[in-house]
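Residue numbers (this note's numbering): 1 to 155. Working notes, structure below.
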């Protein structure tokens, strides 16, 4: 679906969107969305959904940088909880799901090390997965470099 317009819109619920639109009037391509609760998204949209690379920052300080699919964390990325714990790896349907590594706020990985296969946010199998962790870090870094420079478009 082609992009036909670039502009901003304030929704009835107080959300604000600034970015590209498609011929159906849906958010498409690069954009920035600010929600009334302080959550914001900077990244790609497809058919109105977060889709592709982006950054989702929550009011409590939690943040996800990485790939999205139809509105969900999905693919490779890095998620920081508000307490400083982070997870680098694969996500599916908005959950930690696949290979990855959890690092606690004190810099430790737990004992035994929380690296391996996660299913529905729970560690299931311990296994080393450095290639997945590095890919998640690269995608998060790319999203940050692409969108953080434009993040002050809306506040």
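For each residue, glycine too, the CB sits at the ideal point set by N, CA and C. Since we're looking at a predicted model, the values are computed, not measured.
- For the pair residue 78 and residue 66, the Cα-to-Cα distance works out to about 6 Å.
- Under DSSP, residue 44 takes part in a beta bridge, and its partners are 30.
- The alpha-carbon of residue 53 is positioned some 32 Å away from that of residue 111.
- Assignment of residue 141 by DSSP, reduced to helix, strand and coil, places it in the helix class.
- In the three-state reduction of the DSSP assignment, residue 70 falls in the coil class, being assigned neither a helical nor a strand state.
- In this model, residue 119 and residue 23 are separated by some 38 Å (Cα to Cα).
- Bridge pairing for residue 49: 46 [DSSP].
- Looking at the backbone, the Cα of residue 58 and that of residue 43 are separated by about 15 Å.
- Under the three-state reduction of DSSP, residue 135 is assigned to helix.
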